[in-house]
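S.K.: Going by our numbering, the sequence shown opens with residue 4, and the numbers climb by one from there.
Using N, Cα and C, we set each Cβ at its ideal position, and we do this for glycine too.
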Amino acid sequence: MTWDAVVIGSGFGGSMVAHTLVRAGQRVLMLERGGWVARGPENWDPRAVGLISPSYSTKSPYHVTADGRRQAAGLWQCVGGQSVFYGGASFRFRERDFQHDPIIVGDSNAAWPFCYADIEPFYARAEELLGVAGESGVDPTEPPRSSPYPQRPSRLSRSAQAIADAATRLGMKPFRIPLAISYSARGAGRACINCGTCDGYACAAEAKNDLATSVIPELMRCGMTLRTNTVCTRLVRDGSRIVAAEYVDRVTGEHGRVTARCFVLAAGTLATPHLVLASALDEVSPARDAIGRYLTRHCNAVVLGAFPHPPNREGGFDKQIAIHDFYHGALSLDSRQGDGDDPERAVRPLGSIQQMTPSRGLVQAYLPRGIRNAAALVMSRFTGLLIIAEDEPNRENAVALDPSVRDQFGMPGLHIEHRYSAGDKAAAAALIARAKAVLREAGARFCIVHRIATFSHALGTMRMGYDSRSSPLDADGRFRGLDNLYVTDGSALPRSAGVNPSLTIAANALRIGAQIAPAGVAARPAAFRSLRVLDRPQALGNP
């Protein structure tokens with residue numbers, strides 16, 4: 004039996020496009036590489052955090068060369084993808100982020116094939132689905148909105164209030180981070196218990212509105228079929244169409260294939276080009292030389308301020324305050340390009356500053372072995388600010404196949420090459436300086452800086468655009484050269500902007516879904532609106 008759509012990946016891109024397709028009455032099969040993450044007291048265990056949790060796998064590692072250093076990177080493998088472990092920050096890109104900026108874009112040809120007004124209704128829908136709590140009218144860079152936030156934010160923690168007061172004294176305009184967290188019960192959902200373990204943890208209370216708690220269960224109740232522990236290894240092409248997806252069951256090792264009228268790739272910014280290249284789909288693309296290139300991942304760092312007394316005695320979640328006063332610039336380019344006299348290229352956008360204090364578990368998970376335990380003991384005296392600098396799309400920042408290596412599923416290896424530009428580093432340094440000023444004003448005795456080297460905000464390797472030679476996807480997210488393959492994850496975004504990308508990935512996936520299944524498509528019979536969870540490949544032929 005042929006499905007209407009097969010969606011590969013259950014993160015923001017996969018879940019949101021599936022939401023539109025299921026509501027249009029389509030028979031949707033979702034393939035997810037990982038399994039469900041259990042929810043309960045075990046989520047508070049330090050061994051359940053971030054990159055050391057069982058949901059982050061290095062069994063099929065990616066080999067990374069970043070700024071001349073070699074390392075290995077793994078993959079998030081769980082229902083809901085990275086949303087299960089994110090901190091809930093749900094920002095819209097700014098209106099100017101969708102406009103051409105020659106300083107950021109350079110000669111990369113990166114361009115949004117639509118404007119902010121085109122995606123705004125889908126931002127509103129994504130905020131509704133995720134139950135985002137926020138406050139309008141206080142963010143100095145806030146783009147136009149057609150509707151209010153679904154929820155009001157919670158009270159500020161003591162440390163968040165201290166950061167907000169310090170920033171205000173310095174003439175800045177701090178505001179509340181929009182968060183996908185339920186502060187009161189929503190439907191069958193629970194309310195936040197303020198345990199302080201949102202960022203980096205699966206929510207034990209199921210109050211953080213990650214996709215595995217807020218979206219996917221409802222899709223399954225409406226008829227979507229989810230198959231977990233299923234690794235898609237190849238997309239089979241016949242002429243200008245994809246006719247099947249081949250897979251391996253991660254538990255049993257069994258091989259199989261599924262057929263569909265439409266295929267949606269939402270495996271992630273690294274895994275999506277990996278599958279495209281491993282399937283030799285670049286052979287039919289007019290933008291074949293751009294597939295896997297122009298990787299962006301923000302130039303991030305956490306600035307930690309040491310205080311004489313614990314700033315967050317209650318231990319509650321304090322990722323609540325953001326500062327956008329420097330979002331659109333101004334950083335002189337004299338030092339890196341020598342063209343500061345040109346008014347068109349005199350300043351560079353910087354990005355955002357957000358409160359983020361790593362929990363004791365995160366510190367023990369991420370810092371070097373020799374200092375992690377000692378650092379965890381003194382973390383109660385620290386509070387932090389995360390800086391997010393938009394990085395420039397660079398053709399040389401790319402993923403490429405390594406045919407000399409095969410993983411346990413028969414997939415060729417993947418090598419990642421990445422280097423920040425001088426402009427990226429200068430923007431990050433400028434934001435770090437401002438973050439330090441806020442922390443010192445709040446009473447910090449000294450500050451330390453921890454650079455972030457993960458690919459949690461990776462974007463751009465299968466970008467949309469106008470130029471068919473440098474953009475693998477058209478404005479509708481369709482893969483150029485094929486009639487029925489779409490990409491809806493972060494790889495489709497041509498620029499990273501200066502805020503967390505999850506809400507934009509979600510909104511863009513809703514937008515692309517509306518192109519695949521326009522409103523008005525007749526719904527399928529009620530028989531397809533039952534709960535379906537498949538655990539074995541032989542059931543896939545009977546939707």
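From the DSSP output, in three-state form, read off Lys211 for me.
M.R.: strand
S.K.: On the CB-based measure, 16 or more other CB atoms within 10 Å of its CB, does Val381 come out buried or exposed?
M.R.: exposed
S.K.: Of the residues Cys195, Arg244, Arg466, which one's Cα is nearest the Cα of Arg484?
M.R.: A small correction: the amino acid at residue 484 is Gly; Arg does not occupy that position in the sequence shown. Nearest option by C-alpha distance: Arg244.
S.K.: Between Arg36 and Val234, which are expected to be in contact by the criterion C-beta below 8 Å, what is the C-beta distance as a whole number of angstroms?
M.R.: 5 Å
S.K.: Which word fits Ser407, buried or exposed, when buried means at least 16 other C-beta atoms lie within 10 angstroms of its C-beta?
M.R.: exposed
S.K.: Using only alpha-carbon positions, find the residue among Tyr59, Val502, Val267 that is nearest to Ile391.
M.R.: Val502
S.K.: Taking buried to mean at least 16 other C-beta atoms within 10 Å of its own C-beta, is Gln154 buried or exposed?
M.R.: buried
S.K.: If you draw a straight line from the C-alpha of Ala113 to the C-alpha of Ala478, how long is it?
M.R.: 13 Å
S.K.: As a quick exercise: from Ala281, Ile455, Lys176, Ser58, pick the residue whose alpha carbon is nearest that of Met414.
M.R.: Ala281
S.K.: Give every residue of the same chain whose Cβ lies closer than 7 Å to the Cβ of Cys118, excluding the five residues on either side of it in the sequence, and list them in chain order.
M.R.: Phe101
S.K.: Taking one C-beta from the segment 69–84 and one from the segment 425–444 each time, how about it: are there three or more such pairs within less than 8 Å?
M.R.: no
S.K.: Specify the secondary structure class of Ala447 as computed by DSSP and reduced to three states.
M.R.: coil
S.K.: Using a Cβ-Cβ cut-off of 6 Å (strictly less than) and excluding sequence neighbours within five positions of Ala92, which residues of its own chain qualify?
M.R.: The residues are Ile180, Asn503.
S.K.: Given a cut-off of 8 Å on the beta-carbon distance, is the pair Ile122 and Ala510 in contact?
M.R.: yes
S.K.: Please report the distance separating the alpha-carbon of Met19 from that of Ala512.
M.R.: 6 Å
S.K.: Report the residue ranges of all beta strand (DSSP E) runs contained in full by the segment 284–341; include only those spanning at least 3 residues, in chain order.
M.R.: Whole beta strand (DSSP E) segments, 3+ residues: 302–309, 324–326.
S.K.: Roughly how far, in whole angstroms, is the beta-carbon of Leu24 from the beta-carbon of Gly516, given that I think they are within contact range, below 8 Å?
M.R.: 6 Å
S.K.: Excluding five sequence neighbours on each side, which residues of the same chain lie with their C-beta closer than 7 Å to the C-beta of Arg514?
M.R.: Ile122, Phe125
S.K.: Which residue comes first and which comes last in the alpha helix (DSSP H) that contains Met223?
M.R.: 219–224
S.K.: So who's on the other strand from Tyr59, going by DSSP bridges?
M.R.: Trp79
S.K.: If distances are taken between C-alpha atoms only, which option among Asp70, Leu159, Asp202, Pro143 comes closest to Ala456?
M.R.: Asp70
S.K.: Within a Cβ cutoff of 6 Å, which residues of the same chain sit near Arg448, ignoring the five residues on either side of it in sequence?
M.R.: Ala309
S.K.: Using only CA atoms, which one of Asp48, Thr171, Val267, Gly242 lies nearest to Gln518?
M.R.: In this structure, Val267 is the residue among Asp48, Thr171, Val267, Gly242 with its C-alpha nearest to the C-alpha of Gln518.
S.K.: Which residue's Cα is closest to the Cα of Arg384: Arg316, Arg296, Ile419?
M.R.: Arg316
S.K.: Have a look at Asn487, Ser60, Arg97 and flag the residue whose alpha-carbon is nearest the alpha-carbon of Val574.
M.R.: The structure shown has nothing for residue 574, since the chain only spans 4 to 546.
S.K.: Report, in whole angstroms, the separation of the C-beta atoms of Glu138 and Pro156, which I expect to be a contact under 8 Å.
M.R.: 6 Å
S.K.: Which residue's Cα is closest to the Cα of Val251: Asp213, Arg237, Ile326, Leu159?
M.R.: Arg237
S.K.: Just tell me which of Pro396, Phe412, Ser86, Cys450 has its CA closest to the CA of Glu209.
M.R.: Among Pro396, Phe412, Ser86, Cys450, the Cα nearest to that of Glu209 belongs to Ser86.
S.K.: Hey, Ile508 and Gly16 are a contact pair by Cβ (cut 8 Å); roughly how many whole angstroms apart?
M.R.: At roughly 5 Å, the Cβ-Cβ gap stays under 8 Å, so Ile508 and Gly16 are in contact.
S.K.: I believe Asn387 touches Pro352 by the beta-carbon criterion, under 8 Å. Please report the beta-carbon distance rounded to the nearest angstrom.
M.R.: Position check: residue 387 holds Gly in this sequence, whereas Asn was assumed. That belief does not hold up - the Cβ atoms of Gly387 and Pro352 are roughly 23 Å apart, past 8 Å.
S.K.: Within a Cβ cutoff of 8 Å, which residues of the same chain sit near Val246, ignoring the five residues on either side of it in sequence?
M.R.: Counting only Cβ-Cβ distances below 8 Å, and skipping sequence neighbours, we find Val239, Arg240, Thr262.
S.K.: Please report the distance separating the alpha-carbon of Asn397 from that of Arg128.
M.R.: 32 Å
S.K.: Within 10 angstroms of its Cβ, does Lys62 collect 16 or more other Cβ (buried), or is it exposed?
M.R.: exposed
S.K.: Report all residues from its chain with a CB closer than 7 Å to the CB of Arg339; omit the five preceding and five following residues, and keep chain order.
M.R.: Any reading at Arg339 needs caution, since the residue's pLDDT is 40, under 50, leaving its predicted position unreliable; the model's value is listed next. The answer, listed in chain order, is Ala425, Gly426, Ala429.
S.K.: Hey, out of Ala403, Asp328, Ala304, whose CA is closest to Ile460's CA?
M.R.: It should be noted that the sequence gives His, not Ile, for residue 460. For the residues Ala403, Asp328, Ala304, the minimum Cα distance to His460 belongs to Ala304.
S.K.: So what does DSSP say about Arg26, is it helix, strand or coil?
M.R.: In the structure shown, Arg26 sits in a helix (DSSP, three-state: H, G or I).
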